[in-house]
Amino acid sequence: MACLHSWKTFLTGAIAVVFLALLPLLADMGDDTMNLLIMLFIYIILAESWNLMGGYTGLYNIGMAAFFGCGVLITHFVLIAGAPLYIAVLGGAVSAVLLAGVIGIPTLKLKGFYFSIATLALAEVLRITVGNLFPRTVWMPSEWFVNFNFIPRYYLSLGMAVITVLIMYILVNSKLGLALFAIRDDEEAAKVSGINVFKYKIIVFFISSFLTGLAGGIYTYYRLSFLPFSQFTPHWTFEPLMAASIGGAGTILGPVLGSILLVVIQDWFSLNLGQAHYIVLGTIFILMVIFSPGGIIQLVNKAYHISGLYKVRKKRNRVELF
């Protein structure tokens, strides 16, 4: 049944990807819809990136904004220098990994709350530093505005979101995934069993940082102008965190569902409530933590289980009638 259920999920996901790939060709989508979908794909990458550390390893990185902002800035400057897009985006992702390498060795020796505070402090230091170095809005060259087209940005973000989900699936079902589960459940027991905990933490930190920097590079290509320090603000950490947690941290599909809910709430409630939409999002997050720590995935699994029990009972009742 579990295998059948996973195949149903895979098939549904494949159909959704094909539909999204064909959507721009089949329908004339407006700018608002394009903006919404591109941001959705970026949030999926960010949420999966946080989920790899927080959901699967138990490392609560609340300084993701540092790696996202690094990816944004480096990609921007490499593009301005005239490099091809793929080099610029890859450069942004690699720069995030280098940043993780600089801070990874000292911070990953910290545990729990102390690791989280260290990553948050890094993001805040970079936000203030970048704000002083680049106080004004930065722009892409004027020809970018003339030739701007949503379509390549749409397919780039969609493709990277799909690749990110596939990477997560491969990692979780590999030897690395088993090691991460062990570290998350009991780090000391993992050490005793022979797992090199620090090595696996470094690996997962690098992968997560790469994906976060990649999302930053895609965001740079999507946005023609931005205020540099705003790419290091905490909402680039806490929104992916909430998306992963609301959807179901420690699952592959959870961050996708959480990102959809996040983007829908942002789009609809921000039009009616402005910045107060964060109250709605925060309330949903708190309710999920209290009543369904496993997020939407836990609720779906419960409903699936209950429906299965109902079918079994119904079948038994029919047998008893005869």
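In terms of our numbering, the sequence shown opens at residue 1 and continues consecutively.
Don't be surprised by glycine CBs; every beta carbon is placed ideally from N, CA and C.
Keep in mind that this is a model prediction, so the values were computed, not measured.
*So who's on the other strand from residue 226, going by DSSP bridges?*
The residue given as residue 226 occupies position 226 in the sequence shown. DSSP links residue 226 through a beta bridge to 138.
*asked:* To the nearest angstrom, how far is the alpha carbon of residue 252 from that of residue 170?
replied: On the sequence shown, residue 252 is found 252 positions in, with the first residue counted as 1. On the sequence shown, residue 170 is found 170 positions in, with the first residue counted as 1. Each residue's CA atom was taken as its position, placing residue 252 and residue 170 some 10 Å apart.
*Closer than 8 Å by C-beta to residue 297: which residues in its own chain qualify, once you throw out the five before and the five after it? Chain order, please.*
What you label residue 297 is simply residue 297 of the sequence shown in a count that begins at 1. Cβ within range, chain order: 247, 248, 251, 253, 254, 257.
_Applying the 10 Å Cβ sphere with the 16-neighbour rule, what's the burial state of residue 207?_
The sequence position of residue 207 within the sequence shown is 207, counting from 1. So residue 207 ends up on the buried side.
*Compute the Euclidean distance between the alpha carbons of residue 316 and residue 306, then round it to the nearest angstrom.*
Indexing the sequence shown from 1 puts residue 316 at position 316. Indexing the sequence shown from 1 puts residue 306 at position 306. Only weak support exists for where residue 316 lies, its pLDDT of 49 falling under 50; the value from the coordinates is given anyway. Approximately 15 Å between the Cα atoms of the pair.
*Starting from residue 181 and walking both ways along the alpha helix (DSSP H), at which residues does that stretch end?*
The residue given as residue 181 occupies position 181 in the sequence shown. From DSSP, the alpha helix (DSSP H) with residue 181 extends over 175-185.
*State buried or exposed for residue 341, treating a residue as buried only when at least 16 other CB atoms are found within 10 Å of its CB.*
Shown here, the chain extends from 1 to 322; a query on residue 341 therefore has no answer.
*Identify whether residue 82 lies in helix, strand or coil by the three-state DSSP scheme.*
Here residue 82 refers to the residue found at position 82 when the sequence shown is read from its first residue. Coil, per DSSP.
_Considering only the alpha carbon of each residue, which of 263, 75, 112, 238 lies closest to residue 217?_
Stepping through the sequence shown from its first residue, residue 217 is reached at position 217. The shortest C-alpha separation from residue 217 is found at 75.
*Do residue 204 and residue 241 come within 8 Å of each other at the CB atom, strictly closer than that value?*
Looking up residue 241 in the sequence shown gives position 241. Looking up residue 204 in the sequence shown gives position 204. Not a contact, by the Cβ cut-off of 8 Å.
*In terms of residue numbering, what span does the alpha helix (DSSP H) encompassing residue 242 cover?*
Your numbering for residue 242 matches position 242 in the sequence shown. 235-247 is the span of the alpha helix (DSSP H), which, as asked, contains residue 242.
_Element boundaries [alpha helix (DSSP H), containing residue 272]_ = Against the sequence shown, residue 272 aligns to sequence position 272. Annotation for residue 272: the continuous alpha helix (DSSP H) segment containing it runs 254-273.
*So does the segment 228-235 actually touch the segment 93-102, counting three or more Cβ pairs closer than 8 Å?*
no
*Are residue 89 and residue 222 touching if we call contact CB-CB under 8 Å?*
Along the sequence shown, one-based indexing puts residue 89 at 89. Along the sequence shown, one-based indexing puts residue 222 at 222. Their beta carbons are not under 8 Å apart, which means residue 89 does not touch residue 222 by this criterion.
*Backbone secondary structure at residue 203 - three-state DSSP*: Within the sequence shown, numbered from 1, the residue matching residue 203 stands at position 203. Helix, per DSSP.
*Start-to-end residues for the alpha helix (DSSP H) that takes in residue 113*: The residue you call residue 113 lines up with position 113 of the sequence shown. Here the alpha helix (DSSP H) through residue 113 covers 113-133.
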